[in-house]
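In my numbering, the protein residues as written are 1 to 318.
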């Protein structure tokens with residue numbers, strides 16, 4: 001009789017039998033329940049990360065929108081307080097770098113702002129030779145490394161570039177006021193020393209000369225022409241006489257100097273706050289100037305632009 005408790009050799013089992021061999025093991029594989037639990041843990045972690053990312057993105061988007069809204073509202077309020085009308089709403093953006101992280105460190109990496117024109121030129125008593133200028137041309141401001149101590153009144157721009165185009169209409173108005181200021185109301189001989197010709201020497205028109213990169217002023221309805229070329233000398237803007245023709249004679253130097261002086265004075269009065277002229281070019285619309293500065297107080301730049309507004313005698317407002 002076969003002993004039921006007899007241990008049979010491994011190879012004595014029939015081939016193909018499902019009997020498990022007693023092999024040594026060093027740890028059991030996870031059960032289905034444990035694997036399912038572990039999978040849920042990963043899903044929860046990923047969900048938390050996703051929610052945090054969404055919150056950060058939402059916070060970033062919200063912060064950008066809030067800052068942009070505050071700046072836009074401030075510019076619009078300043079214009080309204082000055083009785084000026086913006087052609088459209090200002091545009092503000094902050095580049096690809098995170099704003100939230102910048103605020104934590106007290107520095108905003110980048111800002112790009114477009115302020116539309118508030119310029120308005122009218123004429124006293126309908127007289128085209130007596131312009132009245134209010135507002136400013138459009139301004140494009142690009143600033144990097146803006147540092148703040150948390151106060152909107154204390155922002156320093158590590159580097160800033162401001163681009164604006166002075167319309168030819170504004171330059172014409174400035175030239176007209178410059179020459180008129182050297183003449184008395186009765187048309188008698190004034191600072192221009194033109195004698196009986198003084199009544200003829202009125203600036204009546206202006207056209208850009210792109211080839212010569214100069215501005216051509218028409219005088220007396222066309223009896224004379226004065227071509228002035230704007231140049232940046234060091235960090236200063238000045239105007240060189242490219243040509244001056246009056247029939248077969250030269251335009252009197254005193255008259256030329258009165259126009260040059262009025263344009264240059266307007267340019268100097270129109271900037272400040274650590275800004276310097278970087279470049280100038282003549283365009284179809286007028287004269288494009290680029291200003292540059294480092295470690296510039298944003299409030300001072302704003303005050304400069306505000307000071308430049310109003311009557312054209314105070315400058316271009318760039």
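For glycine and all other residues, C-beta sits at the position ideal for the given N, C-alpha and C.
Quick one: grab the DSSP three-state call for residue 78.
Counting from 1 along the chain shown, the entry for residue 78 is found at position 78. Reduced to three states, the DSSP call for residue 78 is helix.
Could you check how far apart the C-beta atoms of residue 137 and residue 117 are, in whole angstroms? I think they sit under 8 Å.
For this step, residue 137 is matched to residue 137 along the chain shown. For this step, residue 117 is matched to residue 117 along the chain shown. With a Cβ gap of about 6 Å, residue 137 and residue 117 count as contacting.
For residue 209: DSSP bridge partner residues
Residue 209 sits at position 209 when you count from the first residue of the chain shown. DSSP lists 214 as partners of residue 209.
Review point. Where does residue 77 land, buried or exposed, given buried means 16+ other C-beta within 10 angstroms?
Key: Taking the chain shown and counting its residues from 1, the one referred to as residue 77 is at position 77. In summary, residue 77 is exposed, with fewer than 16 beta-carbon neighbours lying within 10 Å of its beta-carbon over all protein chains present.
Point to revise | Given residue 128 as reference, the closest of 237, 178 and 205 once Cα atoms are compared | key: For this step, residue 128 is matched to residue 128 along the chain shown. When C-alpha distances from residue 128 are compared across 237, 178 and 205, the shortest belongs to 205.
ask   = Can you tell which of 93, 233 and 75 has its C-alpha closest to the C-alpha of residue 62?
value = The residue given as residue 62 occupies position 62 in the chain shown. Taking only the C-alpha atoms, the option nearest residue 62 is 93.
I need the DSSP call for residue 278, collapsed to helix, strand or coil.
Numbered from its first residue, the chain shown carries residue 278 at position 278. Here DSSP, grouped into helix, strand and coil, assigns residue 278 to strand.
Checklist entry - Which one or two residues does DSSP pair with residue 114 in a beta bridge? => result The sequence position of residue 114 within the chain shown is 114, counting from 1. DSSP output for residue 114 lists 91 and 140 as bridge partner(s).
For residue 255, which three-state DSSP category applies?
Translated into positions along the chain shown, residue 255 becomes position 255. In this structure, residue 255 counts as helix in the three-state DSSP scheme.
Beta-carbon spacing of residue 145, residue 109 below 8 Å: As a first step, residue 145 must be located in the chain shown, where it is residue number 145. As a first step, residue 109 must be located in the chain shown, where it is residue number 109. Yes. Within cutoff.
task = Keeping to the same chain, check which residues put their C-beta closer than 6 Å to that of residue 91; ignore five residues upstream and five downstream.
result = The residue given as residue 91 occupies position 91 in the chain shown. Excluding positions up to five away in sequence, the list reads 114.
### Range of the contiguous alpha helix (DSSP H) that encloses residue 180
By 1-based counting over the chain shown, the position of residue 180 is 180. Its alpha helix (DSSP H) spans residues 168-180.
Checklist line | Rounded C-alpha distance that separates residue 210 from residue 250 | finding: Mapped onto the chain shown, residue 210 falls at position 210. Mapped onto the chain shown, residue 250 falls at position 250. Residue 210 and residue 250 have their C-alpha atoms some 23 Å from each other.
Comparing C-alpha positions only, which one of 83, 101 and 73 sits nearest to residue 89? Numbered from its first residue, the chain shown carries residue 89 at position 89. If we check each option's Cα against that of residue 89, 73 comes out closest.
Label residue 123 either buried or exposed according to how many other C-beta atoms from any shown protein chain fall within 10 Å of its C-beta, with 16 as the threshold for buried.
The residue you call residue 123 lines up with position 123 of the chain shown. Residue 123 should be labelled exposed.
Q) In three-state DSSP terms, what is residue 226? A) Within the chain shown, residue 226 is the residue found at index 226, counting from 1. In the three-state reduction of the DSSP assignment, residue 226 falls in the strand class.
Inset, instruction - For residue 95, collect the residues of the same chain with a Cβ closer than 8 Å to its Cβ; drop the 5 residues on either side in sequence, then sort them by chain order. - result: As a working note, residue 95 is residue 95 in the chain shown. Only 109, 110, 111 and 112 meet the Cβ criterion.
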